[in-house]
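Per my numbering, residue 632 is the first one in the sequence shown, and the count goes up by one each step. Yeah, the Cβ is synthetic: ideal placement off N, Cα and C, and Gly gets one too.
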Amino acid sequence: MKLCIVSDSHDRAPMLAAAVAAGQRAGAQAVLHCGDLIGAMTLRPLLELGLPVHLVHGNNLGDMQAIWNLCRESGGLINYHGADADLRLAGRRLFATHYPHYARGMACTGDYDIVCCGHSHQASAVQQRTVEGGSTWLVNPGTVAALGGPATWMLADLVDLRFEVQAVPV
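Shown next as C-alpha coordinates:
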(Lines of atoms letter the chains of each structure in order from A and count residues from 1; the text may use other names and numbers.)
(Lines give C-alpha, C1' and ligand atoms only; values in the text may rest on other atoms or scores of the structure.)
Protein backbone atom coordinates (compact mmCIF):
# COMPACT_ATOMS: atom_id res chain seq x y z
CA MET A 1 0.00 0.00 0.00
CA LYS A 2 1.19 3.49 -0.82
CA LEU A 3 0.36 6.52 1.31
CA CYS A 4 0.41 10.20 0.36
CA ILE A 5 1.78 12.13 3.36
CA VAL A 6 1.26 15.90 3.41
CA SER A 7 1.52 18.68 5.95
CA ASP A 8 1.40 22.42 6.46
CA SER A 9 -1.03 23.28 3.68
CA HIS A 10 -1.94 26.58 5.40
CA ASP A 11 -5.20 27.08 3.46
CA ARG A 12 -3.52 26.49 0.07
CA ALA A 13 -6.30 24.24 -1.28
CA PRO A 14 -5.03 24.11 -4.89
CA MET A 15 -1.54 23.04 -3.78
CA LEU A 16 -2.92 20.42 -1.38
CA ALA A 17 -5.21 19.06 -4.10
CA ALA A 18 -2.29 18.96 -6.57
CA ALA A 19 -0.13 17.01 -4.11
CA VAL A 20 -2.88 14.50 -3.32
CA ALA A 21 -3.78 14.07 -7.00
CA ALA A 22 -0.09 13.40 -7.75
CA GLY A 23 -0.06 10.88 -4.90
CA GLN A 24 -3.12 9.18 -6.31
CA ARG A 25 -1.49 8.97 -9.76
CA ALA A 26 1.57 7.41 -8.07
CA GLY A 27 -0.63 4.73 -6.51
CA ALA A 28 -1.46 6.18 -3.08
CA GLN A 29 -4.55 4.60 -1.57
CA ALA A 30 -4.87 6.97 1.40
CA VAL A 31 -3.71 10.38 2.62
CA LEU A 32 -2.20 11.44 5.94
CA HIS A 33 -2.20 15.19 6.71
CA CYS A 34 0.16 16.10 9.56
CA GLY A 35 -1.41 19.41 10.54
CA ASP A 36 -1.70 23.11 9.84
CA LEU A 37 -4.56 22.58 7.46
CA ILE A 38 -6.35 25.65 8.91
CA GLY A 39 -9.72 25.80 7.06
CA ALA A 40 -12.12 23.01 6.23
CA MET A 41 -12.55 24.41 2.73
CA THR A 42 -8.94 23.41 2.05
CA LEU A 43 -10.06 19.77 2.28
CA ARG A 44 -13.17 20.06 0.11
CA PRO A 45 -11.33 19.47 -3.24
CA LEU A 46 -10.00 16.18 -1.84
CA LEU A 47 -13.53 14.77 -1.65
CA GLU A 48 -13.60 14.56 -5.45
CA LEU A 49 -10.43 12.43 -5.45
CA GLY A 50 -12.09 9.80 -3.26
CA LEU A 51 -9.07 8.80 -1.16
CA PRO A 52 -9.51 8.34 2.59
CA VAL A 53 -7.87 11.20 4.49
CA HIS A 54 -6.51 11.02 8.05
CA LEU A 55 -5.89 14.42 9.60
CA VAL A 56 -4.34 15.83 12.78
CA HIS A 57 -4.29 19.51 13.64
CA GLY A 58 -1.24 21.68 14.16
CA ASN A 59 -0.52 24.98 15.84
CA ASN A 60 -2.67 26.85 13.29
CA LEU A 61 -6.03 25.44 14.28
CA GLY A 62 -8.49 27.31 12.08
CA ASP A 63 -12.19 26.45 12.44
CA MET A 64 -12.29 23.06 14.14
CA GLN A 65 -16.09 22.92 14.09
CA ALA A 66 -16.11 23.36 10.31
CA ILE A 67 -13.56 20.54 9.99
CA TRP A 68 -15.74 18.26 12.16
CA ASN A 69 -18.77 19.15 10.04
CA LEU A 70 -16.92 18.32 6.82
CA CYS A 71 -15.83 14.99 8.30
CA ARG A 72 -19.48 14.15 9.01
CA GLU A 73 -20.52 15.22 5.51
CA SER A 74 -17.74 13.14 3.93
CA GLY A 75 -19.34 9.82 4.86
CA GLY A 76 -16.16 8.58 6.52
CA LEU A 77 -13.78 9.70 3.78
CA ILE A 78 -12.18 12.43 5.94
CA ASN A 79 -11.14 11.41 9.45
CA TYR A 80 -10.05 14.07 11.95
CA HIS A 81 -8.06 12.56 14.83
CA GLY A 82 -7.34 15.65 16.95
CA ALA A 83 -3.78 16.40 18.11
CA ASP A 84 -2.42 12.97 17.17
CA ALA A 85 -3.41 9.76 15.42
CA ASP A 86 -2.60 6.13 16.13
CA LEU A 87 -3.31 4.24 12.90
CA ARG A 88 -2.88 0.79 11.44
CA LEU A 89 -2.54 0.76 7.64
CA ALA A 90 -1.38 -2.19 5.52
CA GLY A 91 -0.36 -4.03 8.68
CA ARG A 92 1.90 -1.16 9.81
CA ARG A 93 1.51 0.89 12.98
CA LEU A 94 1.65 4.62 12.29
CA PHE A 95 1.59 7.59 14.61
CA ALA A 96 0.99 11.14 13.39
CA THR A 97 1.35 14.49 15.11
CA HIS A 98 2.25 17.97 13.97
CA TYR A 99 5.24 18.54 16.21
CA PRO A 100 8.70 17.06 15.45
CA HIS A 101 9.77 16.88 19.12
CA TYR A 102 6.65 14.89 20.01
CA ALA A 103 7.18 12.68 16.94
CA ARG A 104 10.81 11.94 17.90
CA GLY A 105 9.69 10.93 21.38
CA MET A 106 7.01 8.60 20.02
CA ALA A 107 9.45 7.11 17.50
CA CYS A 108 11.88 6.31 20.34
CA THR A 109 9.28 4.09 22.05
CA GLY A 110 9.55 1.46 19.33
CA ASP A 111 5.76 1.06 19.34
CA TYR A 112 5.41 2.22 15.73
CA ASP A 113 6.82 1.36 12.33
CA ILE A 114 6.42 4.95 11.11
CA VAL A 115 5.96 8.24 12.96
CA CYS A 116 4.95 11.27 10.90
CA CYS A 117 5.05 14.97 11.70
CA GLY A 118 5.13 18.40 10.09
CA HIS A 119 5.72 21.93 11.43
CA SER A 120 9.33 22.47 10.31
CA HIS A 121 8.43 22.80 6.59
CA GLN A 122 11.51 20.65 5.83
CA ALA A 123 11.05 17.22 4.25
CA SER A 124 12.95 14.27 5.72
CA ALA A 125 12.71 10.53 6.30
CA VAL A 126 15.21 9.13 8.81
CA GLN A 127 15.45 6.07 11.00
CA GLN A 128 15.17 6.96 14.69
CA ARG A 129 16.83 4.63 17.20
CA THR A 130 14.35 3.16 19.71
CA VAL A 131 14.85 2.46 23.42
CA GLU A 132 14.85 -1.26 22.62
CA GLY A 133 17.70 -0.93 20.12
CA GLY A 134 15.59 -1.11 16.97
CA SER A 135 14.55 1.73 14.71
CA THR A 136 11.40 3.54 13.63
CA TRP A 137 10.98 5.67 10.53
CA LEU A 138 10.53 9.36 11.39
CA VAL A 139 8.93 11.10 8.41
CA ASN A 140 8.23 14.77 7.72
CA PRO A 141 6.76 15.54 4.27
CA GLY A 142 7.66 19.24 4.40
CA THR A 143 5.07 21.85 3.40
CA VAL A 144 2.72 21.67 0.44
CA ALA A 145 2.29 25.46 0.77
CA ALA A 146 5.91 26.39 -0.11
CA LEU A 147 6.23 28.52 3.03
CA GLY A 148 9.84 28.68 4.22
CA GLY A 149 10.79 25.77 1.99
CA PRO A 150 9.95 24.09 -1.29
CA ALA A 151 6.43 22.73 -1.86
CA THR A 152 6.78 19.00 -1.10
CA TRP A 153 4.88 15.90 -0.08
CA MET A 154 6.00 12.33 0.67
CA LEU A 155 5.07 9.09 -1.08
CA ALA A 156 5.38 6.21 1.38
CA ASP A 157 5.43 2.55 0.41
CA LEU A 158 4.13 0.88 3.56
CA VAL A 159 5.06 -2.63 2.40
CA ASP A 160 8.72 -1.92 1.61
CA LEU A 161 9.10 1.05 4.01
CA ARG A 162 10.39 3.33 1.27
CA PHE A 163 9.85 7.10 1.32
CA GLU A 164 10.21 9.51 -1.58
CA VAL A 165 10.06 13.29 -1.28
CA GLN A 166 8.03 14.65 -4.17
CA ALA A 167 7.65 18.22 -5.47
CA VAL A 168 4.11 19.56 -5.52
CA PRO A 169 3.17 19.97 -9.19
CA VAL A 170 2.24 23.59 -9.86
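To which residues does DSSP link residue i through a beta bridge?
i    : result
R760 : S766
A782 : T774
E679 : Beta-bridge pairing links E679 to no other residue.
I636 : L663 and M785
Do you know offhand how far residue i's Cα is from residue j's?
i    : j    : result
S751 : R703 : 30 Å
A667 : L692 : With the sequence shown as reference, residue 667 is identified as Asp, and Ala is not the correct amino acid for it. Each residue's Cα considered, the two are about 7 Å apart.
A657 : C747 : 20 Å
Y743 : A659 : 20 Å
A652 : I709 : 16 Å
Y711 : N690 : 15 Å
V790 : P645 : 29 Å
M695 : Y733 : 21 Å
E679 : Q655 : 12 Å
G713 : E763 : 28 Å
Near residue i, what residues of its chain come up, given a Cβ to Cβ distance below 7 Å and the 5 sequence neighbours on each side ignored?
i    : result
Q753 : N771, G773 and G780
S705 : L678
How far does the alpha helix (DSSP H) with residue i in it extend, from its first residue to its last?
i    : result
A798 : Run containing A798: none in the alpha helix (DSSP H); it sits in the beta strand (DSSP E), R793 to A798.
L686 : Not the alpha helix (DSSP H): L686 falls in the beta strand (DSSP E), residues V684 to L686.
R656 : A644 to R656
Closer than 6 Å by C-beta to residue i: which residues in its own chain qualify, once you throw out the five before and the five after it? Chain order, please.
i    : result
Q797 : W784 and L786
A649 : V799 and P800
With a CB to CB cut of under 8 Å and the five nearest residues on each side skipped, what residues in its chain are close to residue i?
i    : result
T673 : S640, D642, R643, A644 and L647
Counting only runs of 3+ residues fully inside the region 697 to 764, write out the beta strand (DSSP E) ranges in chain order. Here the runs fully enclosed are 709 to 711, 715 to 720, 723 to 728, 745 to 747 and 754 to 760.
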